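Residue numbers (our numbering), protein chains in the order written: chain A, 310 to 623; chain B, 310 to 623.
Notes follow once the structure below has been shown.
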DNA sequence: CCTTGACCTGAAACGCGTCCCACAGCTTAC
DNA sequence: GTAAGCTGTGGGACGCGTTTCAGGTCAAGG
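Right under this line is the structure:
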């Protein structure tokens with residue numbers, strides 16, 4: 310491998326001058342520049358990226374910790390992060406966690422070792438306080454509401470849109486509203502926001518027999534459909550459009566009269582079913598997270614969700 | 310930032326000894342090891358990852374060039390790559406290309422600069438010959454059949470399963486078989502493999518009015534449904550389960566008698582519709598691609614697709 | 001008693017750019 | 001005329017580990 314010193318020696322100029330040519334800086338006479346460039350070409354020289362990183366003190370890489378690599382929620386987030394990163398000259402390194410706190414800590418340690426310029430947790434199993442403490446190692450960003458903990462965060466503000474959604478459901482006259490939650494509301498901020506909005510708008514806590522916990526994908530909707538049908542739900546508010554589609558398909562496959570439906574995430578499926586949904590703008594969350602990770606922005610960035618009302622025809 | 314020399318000075322030992330402690334190597338007396346470890350703790354020392362990379366000559370990072378970050382095909386591939394990378398101690402850096410050859414070249418250049426230890430093209434817009442030439446810069450892997458070009462490649466061997474699929478269709482007695490192709494068969498290996506198998510098994514080239522080109526997602530199936538319905542298709546073989554679902558939904562939404570259906574990629578949707586599909590094992594392709602990129606394996610790795618026959622009830 | 005070799009430790013080169021500082025030559029300004 | 005300032009170049013320290021090689025100690029084998 311030929312290096313910058315080889316070029317210096319071969320061209321008869323100093324390393325500093327070669328470096329100036331390399332970085333297109335002033336204070337190099339055109340003749341010298343040409344000559345050095347020629348030598349670089351001849352010797353087939355390319356600067357070493359790692360040496361540059363070491364010398365310049367940054368890697369222009371952002372680590373993104375992901376519980377699941379291929380889940381639509383994460384991929385949308387990653388898409389936003391990656392696009393923004395590209396525009397800012399950063400690259401994204403995928404760090405699979407599989408919800409394992411041990412791995413999360415390992416990545417934090419890597420941040421400390423300057424393997425990345427910043428670290429984004431799209432989800433986290435470690436206590437948030439511990440993550441906050443790790444800010445001493447470098448920029449750490451979470452993608453959930455950190456509550457009172459002081460840490461850069463980018464997340465969706467779901468309150469307003471959930472309220473709108475339930476107000477819509479109420480106004481439409483539905484009486485037995487089924488709820489599909491991703492995880493236990495004691496653990497998941499998303500789930501608890503849904504329950505809160507329900508309680509606040511409907512005026513009572515959701516009934517247990519109309520609440521399904523642990524829905525991630527289409528198949529869960531299909532399973533939950535049985536529960537809702539058995540308990541006489543006249544409406545189902547799912548935590549994802551594809552999940553709502555699953556519910557829809559359960560009723561349809563069993564030739565049951567369809568309940569009202571509402572999804573989330575504004576995917577194709579809701580548009581096609583013609584059901585209302587909520588766009589959480591995950592891509593925008595990703596972009597915001599990146600801006601926080603690079604230090605372009607600071608503090609907490611809330612992205613407002615949008616309730617998208619659609620007439621239900623099916 | 311405290312570095313290895315600080316530890317050496319502070320502990321009263323040499324840099325070499327500290328390095329030995331750091332890397333858990335032999336030939337350090339327990340007492341010295343303890344002492345140095347204590348000093349490291351006191352000074353809050355962590356080795357610099359970039360310096361290590363520079364010194365050791367590798368980054369343990371594999372670049373993955375992606376045309377689309379959030380598309381199911383790519384995310385499945387990335388999942389396989391990422392899992393395998395994790396097991397081998399490598400990390401994955403996402404490189405968005407958006408089908409832009411200029412960007413692809415830029416990533417190749419970064420490989421040359423030793424920014425990654427290897428580069429995987431999940432798709433490519435550059436001519437394959439040019440990519441093959443770039444092997445001089447380091448391990449480059451493609452995820453498509455490279456034909457006669459000599460380059461490490463991991464891809465699915467679709468021939469056998471496509472033949473099985475068409476044989477199944479034929480045996481079932483379908484007469485007017487619609488075909489949905491991702492891209493023009495003159496450009497896309499996938500599309501041309503489908504057409505070839507069709508022609509070979511059915512005994513004639515697919516009819517133009519029963520061929521849809523350019524299907525990527527559910528919505529395309531929905532659109533294509535109109536074409537097939539208008540032209541009296543009694544079967545549709547789509548290039549994706551979700552796409553097949555789109556076709557299904559078109560017919561259903563228009564209260565038309567459903568045609569036979571077959572998808573690809575073995576997603577939930579085909580299982581739920583109960584239609585046959587083909588599993589291309591993209592995750593396995595990803596794993597294989599990683600093994601090629603790290604140099605653990607060489608040559609070309611074909612992953613056989615599996616035809617999964619299911620009775621069609623709907 | 002001498003050789004062999006495992007065990008400890010250190011000096012210094014190496015991987016490779018970047019950047020600050022110094023200095024020479026030349027021009028513009030007062 | 002001379003101080004001030006810009007241009008063009010070079011020297012060398014710096015960022016930070018890893019690794020080779022040399023040298024010394026000490027115990028086992030012959």
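Every residue, glycine too, gets a C-beta built ideally from N, C-alpha and C.
Bear in mind that the values here come from a model prediction, so they are computed numbers and not experimental data.
Would the beta-carbon of residue 416 of chain A fall within 8 Å of that of residue 456 of chain A?
-> As a position in the first chain, residue 416 of chain A is number 107, starting the count at 1. As a position in the first chain, residue 456 of chain A is number 147, starting the count at 1. No.
Three-state secondary structure (DSSP) of residue 424 of chain A | The sequence position of residue 424 of chain A within the first chain is 115, counting from 1. Here residue 424 of chain A sits in coil by DSSP.
In chain A, which residues lie less than 8 Å from residue 370 of chain B when you measure between Cβ atoms?
-> As a working mapping, residue 370 of chain B is identified with position 61 in the second chain. Residues of chain A passing the Cβ test: 402.
In terms of residue numbering, what span does the beta strand (DSSP E) encompassing residue 588 of chain B cover?
-> Your numbering for residue 588 of chain B matches position 279 in the second chain. Residues 586-588.
Closer than 8 Å, CB to CB, is residue 531 of chain B near chain A or not?
-> Locating residue 531 of chain B in the second chain gives position 222, counting from the first residue. With 8 Å as the cut-off, residue 531 of chain B counts as an interface residue toward chain A.
For residue 465 of chain B, which residues does DSSP report across the bridge?
-> What you label residue 465 of chain B is simply residue 156 of the second chain in a count that begins at 1. B:612.
Closer than 8 Å to chain B by CB, residue 358 of chain A | Numbered from 1 along the first chain, position 49 holds the residue referred to as residue 358 of chain A. Yes, contact with chain B.
Using DSSP bridges, identify the partner residues of residue 400 of chain B.
-> One-based indexing of the second chain puts residue 400 of chain B at position 91. Per DSSP, B:370.
Residue 405 of chain A versus chain B: which residues are under 8 Å apart at the beta carbon?
-> Against the first chain, residue 405 of chain A aligns to sequence position 96. Within chain B, the residues near residue 405 of chain A are 391, 392 and 395.
State the Cα-Cα distance for the pair residue 279 of chain A and residue 393 of chain A, rounded to the nearest angstrom.
-> Since the first and last residues shown for chain A are 310 and 623, residue 279 of chain A lies out of range.
At a Cβ cut of 9 Å, what residues of the region 422-439 of chain A count as close to chain B, listed as they run along the chain?
-> 422, 423, 424 and 425
Report the three-state DSSP secondary structure of residue 440 of chain B (helix, strand or coil).
-> Position 131 of the second chain holds residue 440 of chain B. Reduced to three states, the DSSP call for residue 440 of chain B is helix.
Three-way DSSP call (helix, strand, coil) for residue 405 of chain B in this model | As a working mapping, residue 405 of chain B is identified with position 96 in the second chain. Note: residue 405 of chain B maps to strand in three-state DSSP.
Residue 469 of chain B classed as buried or exposed, judged by whether at least 16 other C-beta atoms fall within 10 angstroms | For this step, residue 469 of chain B is matched to residue 160 along the second chain. With fewer than 16 other Cβ atoms within 10 Å, it is exposed.
Check the Cβ-Cβ distances between residue 291 of chain A and every residue of chain B, and say whether any is below 8 Å.
-> Lying before the first or after the last residue shown, residue 291 of chain A is absent from chain A, which here runs from 310 to 623.
Is residue 382 of chain A close to chain B, meaning its C-beta is less than 8 Å from at least one C-beta of that chain?
-> Here residue 382 of chain A refers to the residue found at position 73 when the first chain is read from its first residue. No, residue 382 of chain A does not count as interfacial toward chain B.
Counted within 10 angstroms of its Cβ, other Cβ atoms place residue 347 of chain A as buried (16 or more) or exposed | Taking the first chain and counting its residues from 1, the one referred to as residue 347 of chain A is at position 38. Flag for residue 347 of chain A reads exposed.
Are the C-beta atoms of residue 417 of chain B and some chain A residue less than 8 Å apart?
-> What you label residue 417 of chain B is simply residue 108 of the second chain in a count that begins at 1. No, residue 417 of chain B does not count as interfacial toward chain A.
C-alpha gap between residue 310 of chain B and residue 354 of chain B, whole angstroms | Stepping through the second chain from its first residue, residue 310 of chain B is reached at position 1. Stepping through the second chain from its first residue, residue 354 of chain B is reached at position 45. CA-to-CA, the gap between residue 310 of chain B and residue 354 of chain B works out to about 8 Å.
Quick one: is residue 493 of chain B buried, meaning 16 or more other Cβ sit within 10 Å of its Cβ, or exposed?
-> The residue given as residue 493 of chain B occupies position 184 in the second chain. Answer is exposed; the Cβ neighbour count stays below 16.
Member of A:322, A:595, A:615 and A:535 whose CA lies at the smallest distance from the CA of residue 432 of chain A | On the first chain, residue 432 of chain A is found 123 positions in, with the first residue counted as 1. Closest option to residue 432 of chain A, Cα to Cα, is A:595.
Could you tell me whether the Cβ of residue 354 of chain A comes closer than 8 Å to any Cβ of chain B?
-> Reading the first chain from its first residue, position 45 is the one you call residue 354 of chain A. No, its Cβ sits nowhere closer than 8 Å to a Cβ of chain B.
Is it true that the region 399-412 of chain B meets the region 393-406 of chain A, where meeting means three or more beta-carbon pairs spaced less than 8 Å apart?
-> yes
Quick one: is residue 474 of chain B near chain A, going by C-beta distance under 8 Å?
-> As a working mapping, residue 474 of chain B is identified with position 165 in the second chain. Chain A contact via Cβ: absent.
Backbone secondary structure at residue 320 of chain A - three-state DSSP | Along the first chain, read from residue 1 onward, the residue named residue 320 of chain A stands at position 11. The answer is helix: DSSP assigns residue 320 of chain A an H, G or I state.
Taking C-beta to C-beta, are residue 430 of chain A and residue 500 of chain A nearer than 8 Å?
-> Walking along the first chain from the start, residue 430 of chain A turns up at place 121. Walking along the first chain from the start, residue 500 of chain A turns up at place 191. No. Outside cutoff.
Chain A partners of residue 527 of chain B, CB-CB under 8 Å?
-> Along the second chain, one-based indexing puts residue 527 of chain B at 218. What residue 527 of chain B touches in chain A: 577, 578 and 581.
Residue(s) in a DSSP beta bridge with residue 522 of chain A | Working through the first chain from its first residue, we reach residue 522 of chain A at position 213. For residue 522 of chain A, which the question treats as bridged, DSSP gives the partners A:490.
Under a three-way DSSP split, which group does residue 352 of chain B fall into?
-> As a working note, residue 352 of chain B is residue 43 in the second chain. In this structure, residue 352 of chain B counts as coil in the three-state DSSP scheme.
Just how far apart, CA to CA, sit residue 485 of chain A and residue 528 of chain A?
-> Residue 485 of chain A sits at position 176 when you count from the first residue of the first chain. Residue 528 of chain A sits at position 219 when you count from the first residue of the first chain. If I take the Cα positions, the gap works out to 22 Å.
Grab the span of the beta strand (DSSP E) containing residue 571 of chain B for me, first residue to last.
-> For the purposes of this step, residue 571 of chain B is taken as the residue at position 262 of the second chain. That run of the beta strand (DSSP E) goes 569-571.
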